[in-house]
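Following numbering that gives the first Met the number 0, the numbering of the sequence shown begins with 0 at its first residue and continues without gaps. Note that the Cβ used here is the ideal one computed from N, Cα and C, for glycine as well. Structure record follows, encoded as structure tokens.
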Amino acid sequence: MQANQSRKTGVLLVNLGTPDSPEVPDVRKYLREFLMDERVIDIPFPNRWALVNLIIAPFRAPKSAKVYKELWEERGSPLKFYGEDIEKMLQAHLGDRYFVKLAMRYQNPGIPEGLAAFQKAGLSKIVVVPFFPQYASATTGSVYQKVMDVVSGWQTIPEITFTNTFFDHPKFVEHFATAARKYIAERPYDYFLFSYHGVPERQIRKGDVSGHTCQFGACCETLRADNRLCYRAQCFETTRLLARELGLKEGTYSTAFQSRLGKDPWIQPYTEDMVKKLAAEGKKNVLAFSPAFVADCLETTIEVGEEYKEVFEANGGSHWQLVESLNNSPLYVELLADLIHQRES
């Protein structure tokens, strides 16, 4: 798409990324770029290099490639093609005064290419919109750093603003609540599980600038000024907002965290342990949510939708249903437009 003179604001939509194909070499390439990010695996470079290039990428890539082949559709990776849909829908919604580009933090299309298109067009303003409902250093923080690294080399830098979180946006809550009600109308559910991507506890501690707020317990029971940017606290707040919108009773829902990597402790409770616990307690019908993701991907469709379903059923559960992510919902387009307009007010 060529920008014309009427476009004044560039909008860079950034999601995490996906391999170019589900083949082992492309999956290995993606894993190396992703896991070598110092904000993702935040250990000294030599240790990170050895861990990623000598252990994780060689041995995990073949296993991950098999899973990506299950996920892949005719249009490719859902995370990417849903992003392409949103790029087109948002461009149509915003009109010609904006120049909308999709980018991935890792792999293609890249952040440098998206920003280069804006630079070439001579735009006066850029709004960067990370596709992460809750803030984490490894996601939103990494996008901020990459954008700043790229533009730091420009001779002239336009006004650049960043959106931060949107887990509490009314349209975000509305989407998940509406999608959930569709399933609730079909059958009674005796439990509702909200599963979020996990991060190491050390990353949460690093983000606690006070040095004493984060206790991995009662500190997440409310969202306050002193924990506003804590990922774990934001996840618990997301659950509370959705539970309130759906009218869920206390004791019928909980928050958990998935996708652990390595031996260090990650934020808890762990989703897999929670799934087993629910089945052991006699819960038969569980409705699961993945509100840390805007597009159904490996971590939602496969991990929550299939792998945890198998765990639940193997331990005595009867019915497990995953609520779909925002994907290419018109509500998501309206939400993004709201975020962008707020940066211009």
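Counting only runs of 3 or more residues that sit fully inside the stretch 80-132, the beta strand (DSSP E) segments are 97-105, 124-129, in chain order.
Under the 8 Å Cβ criterion, the stretch 289-297 does not count as touching the stretch 222-229, having fewer than three qualifying pairs. In chain order, V51, N52, A56 place their CB closer than 8 Å to the CB of R31, counting only its own chain and leaving out the 5 sequence neighbours on each side. DSSP lists L286 as the beta-bridge partner residues of Q320.
One Cα belongs to G75, the other to D25, and the distance between them is close to 13 Å.
Contact between the stretch 158-165 and the stretch 125-144 is present: three or more C-beta pairs spanning the two stretches fall below 8 Å. Inter-residue distance for E83 and R96 is about 19 Å (C-alpha atoms, whole angstroms).
Judged by pairs of C-beta atoms under 8 Å, the stretch 148-159 does not touch the stretch 313-326, as fewer than three such pairs exist. Going by DSSP, T8 is part of the beta strand (DSSP E) stretching over 8-16. Q257 has H196 as its beta-bridge partners, per DSSP. Rounded to the nearest whole angstrom, the C-alpha separation of A64 and I110 is 24 Å. In this structure, the alpha-carbon of L286 lies about 6 Å from that of W319. In this structure, DSSP gives F191 an extended state, which the three-state scheme calls strand. Remark: C-beta atoms of V13 and A102 approach each other more closely than 8 Å.
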